[in-house]
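Beneath this line is the structure, given in structure tokens, with notes to follow.
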Amino acid sequence: MKLAIIGAGFSGLTCARIARQNGLDVTVFDKGRGAGGRLSTKRISADGAEYRFDHGTSAFEARSEAFADALQPLIEAGFVAELHANDNGFPKGFVGTPGMNSTIKGLAEGLDVRFGQRVERMTRTPRGWALSFEQDIPPFDCDVVVCAIPAEQATILLADAAPEFSAKAGDVVSEPRWVTMLGFSTPLPVDFTTLKPEQSSIAAIIRNQTKPGRDATKDCLVLHASTDWSKAHLEDDASDVLTAMKSALAGTLSIELPSPAVEHAHRWRYAVTSSPAGQPFMLTEDKTLGVCGDWLLGGGVEDAWASGKALGDALSGAAD
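Position 106 of the sequence shown, counted from 1, bears residue number 105 in numbering that gives the first Met the number 0, the numbering being contiguous throughout.
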């Protein structure tokens, strides 16, 4: 049985690995140029030096032993590192190494993942499905298709193929987030790894270089604007966001901020799921079209894993 998965995020790749273990012939398509999504790592060069920023999810937790166990192969292979555990062992904190996108790279290893291919349309065929692409490449025929993309994109892609699923995805509410990246050639005179200021514009400040596997000789700060501030300034120019965030940072740290070697602002329009669908996955009665993703359960990395695993398990009989 031939399975196509649209979306090479944590959920889609988890589903892909389980489906392949159960005998399905799996191909994964993703519109991005490489691994990442909300587990992205951005690299910016200046004056012969490279600065790296985890500008999506900065770290993630394992609330369950099952998810922590699922991460063990990635830890042993060097794609993920454990940060901490509380007194009772859970939740445990993790990061990708040397960048958050390494988590996705590790999950993709050994799978047929085709980046840079955006699925534009899904069409029913006598066999199952035909995927048409935005690029000038031949359609892809398969028996089963899984949609593992953000709710906002799934709403559009599923509109004709599965109107009921499209409507459920359309009911999901996501909040925006402006993220600012500031790179300094020498460390700032501060002593923290993550700071959550009690003020309206900045929700969190992360010193990226304090995570395992990072270059500690430079300061790479990632500033997450608060949800309210991001909503109010959603359509601002990136240059205006940079000015506002640098001013807020200097005030928060009570220092005279030196000129950064690199600076960049990124707008995530759909960063945080505030109203999830409330079910682990969606699957047609004939098991030929499934939907998974973090937005079905809550929006976190463990939610993505749980959704992909549940759908992968549900498809386990499709190879028979």
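Heads up, the beta-carbon is just placed ideally off N, CA and C, and yes, glycines get one too.
Cβ neighbours of D46 within its own chain (closer than 7 Å, five residues either side excluded): A260.
Under the DSSP assignment, F280 falls outside any alpha helix (DSSP H); it carries neither an H nor an E label. In the DSSP annotation of this structure, the continuous segment of the beta strand (DSSP E) that includes R51 starts and ends at 48-52. Note on geometry: alpha-carbon atoms of K30 and N100 lie some 15 Å from one another.
With 16 or more other Cβ atoms inside 10 Å of its own Cβ, L310 counts as buried. Annotation: the continuous alpha helix (DSSP H) that includes I74 extends over 64-75. If you look at V171, you'll find it isn't in any beta strand (DSSP E); DSSP assigns it neither H nor E. The C-beta of N85 has fewer than 16 other C-beta atoms within 10 Å across all chains shown, which makes the residue exposed.
Here G182 carries a strand assignment [DSSP, helix/strand/coil].
Judged by DSSP in its simplified three-state form, S165 adopts helix. Residue burial is scored here from C-beta neighbours: I155 has fewer than 16 other C-beta atoms within 10 angstroms and is therefore classed as exposed. R37 carries a helical assignment under DSSP once its states are collapsed to helix, strand and coil. F59 carries a strand assignment under DSSP once its states are collapsed to helix, strand and coil.
Cβ contact annotation for R32 (same chain, cutoff 7 Å, sequence separation greater than five): F114, G115, in chain order. Here the region 267-276 lies against the region 291-309, with 3 or more beta-carbon pairs under 8 Å apart. For the options R51, L82, G88, K217, the alpha carbon positioned closest to that of A65 is the one of G88. If you draw a straight line from the Cα of E163 to the Cα of C14, it comes to about 22 Å. The region 202-260 contains, as complete beta strand (DSSP E) runs of 3+ residues, the segments 218-224 (chain order). C-alpha of G36 to C-alpha of V143: approximately 24 Å in a straight line.
Counting C-beta pairs with one atom in each stretch, the region 60-76 and the region 225-234 have fewer than three that are closer than 8 Å, which means they do not touch. Within 10 angstroms of the beta-carbon of F191 lie fewer than 16 other beta-carbons, which makes it exposed.
Non-local C-beta neighbours of E81 in its own chain, meaning closer than 8 Å and more than five positions away in sequence, comprise I74, K91, G92, F93, ordered along the chain.
Between L222 and I201, the C-beta gap is smaller than 7 Å, which places the two residues in contact. In the DSSP assignment, E119 falls outside any alpha helix (DSSP H) and lies within the beta strand (DSSP E) extending over 118-123. L233 is classed as exposed because its beta carbon has fewer than 16 other beta carbons within 10 Å across all chains shown. Under the three-state reduction of DSSP, I136 is assigned to coil, being neither helix nor strand. Looking only at L282, G182, T96, the smallest Cα-Cα distance to S44 is reached by G182.
With fewer than three CB-CB distances shorter than 8 Å, the region 243-252 does not count as touching the region 128-143. If you draw a 10 Å sphere on the C-beta of G55, you find 16 or more other C-beta atoms in it, and that means buried. Counting along the chain, the unbroken beta strand (DSSP E) around E81 starts and ends at 79-84. Residue state for C146 is assigned as strand, using DSSP reduced to three classes.
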